Structures are given as C-alpha cells and as structure tokens.
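Okay, so here's the structure we're looking at.
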Amino acid sequence: MFFLLQDDVNEKINSAFCPQRVTAFNPFFEYIKSVAFPWFGNLEVVRKEGNDSNKIFSSMEELIVDCESGYLDSTDVKLALQKAINGILELVGEFFRSSTDAQAVITSHKFQDEITADMQKILMQNKDLVNLVSLLVLNYFTSIGNTLVHVYQFCNLVNLVSLLVLNHIPISRLTLLD
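Numbering (this note's numbering), first residue to last: 248 to 425.
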C-alpha cells in the first residue's frame with residue numbers, strides 16, 4: 248500500500264512546475280514551510296549527482312537564500328519535498344500496520360466504500376432506466392399526435408415519480424395539487 252502512495256507522490260512532485268530561483272508564491276516552498284519543517288524541524292536536501300553535497304536546512308530563510316542564489320535548483324527542492332512527504336507517509340503507514348485499532352478503522356472504511364460504490368451504481372442504473380422510460384414515453388406521445396404540452400406534463404410527472412423512487416420517498420406521502 249505505501250509503495251503505491253510513494254510512487255504517486257513522486258510522480259506528482261516530479262511533474263509539477265517549480266521555477267528556478269523563485270520562492271515567493273511557489274507551492275513547493277509553501278509545502279515545505281507548512282508540512283516538512285513543522286514535522287521534522289529541518290529539511291534535508293540530498294543534492295542530485297554532480298553537485299557538492301547534501302545539506303540540512305534548519306530554517307526557511309536559509310533554504311530561500313540558497314534557492315534564490317542558485318545554490319539549489321528546482322530538482323533539489325523537488326527531491327527534498329519528496330523525501331519529506333514520503334517519510335511522513337512511511338511513519339503513518341507503519342502506525343496503521345502495527346495498530347489493530349487502526350486496521351479495524353481501515354477495514355470498516357473499505358467496507359463502507361464498497362457499500363457506497365454499490366449504492367452509487369444502483370442509483371445510476373435507476374437513473375438510466377428512468378431516462379429510457381421517459382424517452383420511450385416521449386416518443387410514444389409524439390407518435391400519437393398529442394400536443395407538446397401534454398407530453399411535457401407527462402414527462403414532468405415521470406420525473407417527479409423518478410425522484411421519489413430514487414430518493415426512497417413513498418408515493419403515498421405525495422400530495423397532489425389541482
């Protein structure tokens with residue numbers, strides 16, 4: 248489960264735009280400021296091959312100075328954010344793997360998601376059926392020469408009944424006005 252998340256994080260971060268030497272209004276720096284620094288207290292930048300060495304930043308100001316000066320490039324920032332987020336996800340994953348209470352919560356949510364998905368599928372099938380019936384009725388009324396007003400009124404009635412059925416409201420609760 249964690250590896251799928253890690254791959255997703257890496258793919259999203261790698262494909263996102265991070266302009267060189269721009270730190271103001273840069274989402275990468277907002278994530279680092281809001282997620283990485285509060286969680287870890289620092290940010291370790293593992294420089295890509297060919298650069299000097301790794302560096303640990305203890306403040307946003309330090310990181311911003313190095314990025315704006317060109318010491319770090321956008322790839323360095325992306326790799327650091329990937330490492331930070333994946334580190335957090337690994338700790339969360341470890342918690343869920345080691346806690347039976349957490350596993351019970353996950354299992355109940357999976358079961359609830361399956362039920363919700365089944366209900367959505369049934370609702371969509373019912374909606375498709377209602378649309379098909381409305382279309383058939385419309386074709387019928389049109390073919391026998393009734394006025395458009397009668398067809399429209401009947402379709403409104405079909406839609407009203409459909410809404411009642413889809414929302415599980417008994418038709419007996421419906422009060423019709425003359």
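Cβ atoms here follow ideal geometry from the backbone N, Cα and C, with glycine treated the same way.
If you're wondering where the values come from, they're calculated on a predicted model, not measured in any experiment.
Check: residue i C-beta below 7 Å from any heavy atom of the ligand FAD
i, result
"P274", "Within the structure as shown, the ligand FAD is missing, as the structure has no ligands at all."
Close-in-space but distant-in-sequence residues of the same chain around residue i (CB under 6 Å, 5 per side omitted)
i, result
"C314", "T270"
"L252", "L336"
"S321", "C265, Q267"
"Q359", "none"
"M307", "K280"
"F276", "T270"
Close beta carbons around residue i, own chain, < 8 Å, minus the five adjacent residues each side
i, result
"V282", "A331, I332, I335"
"G288", "S305"
"L290", "I279, A283, F284, I303, F304, L310, A327, A331"
"I353", "F343"
"S300", "R294"
Three-state secondary structure (DSSP) of residue i
i, result
"F264", "coil"
"F342", "helix"
"D320", "coil"
"T363", "helix"
"L379", "helix"
"T270", "coil"
"Q350", "helix"
Which residues DSSP lists as bridging residue i, in chain order
i, result
"I303", "E291"
Cβ-based neighbour list, residue i, same chain, cut-off 7 Å, excluding 5 preceding and 5 following
i, result
"R478", "Residue 478 is absent from the structure shown; the chain starts at 248 and stops at 425."
"D254", "none"
"T363", "none"
"P274", "none"
Supposed close pair residue i, residue j - CB separation, criterion 8 Å
i, j, result
"V292", "L319", "6 Å"
"K325", "N261", "6 Å"
"F342", "Q350", "That pair is no contact at about 10 Å."
"N257", "Q329", "5 Å"
Cutoff 8 Å: residue i Cβ touching any chain D Cβ
i, result
"T347", "The chain labelled as chain D is not found in the depicted structure, where only one protein chain is given."
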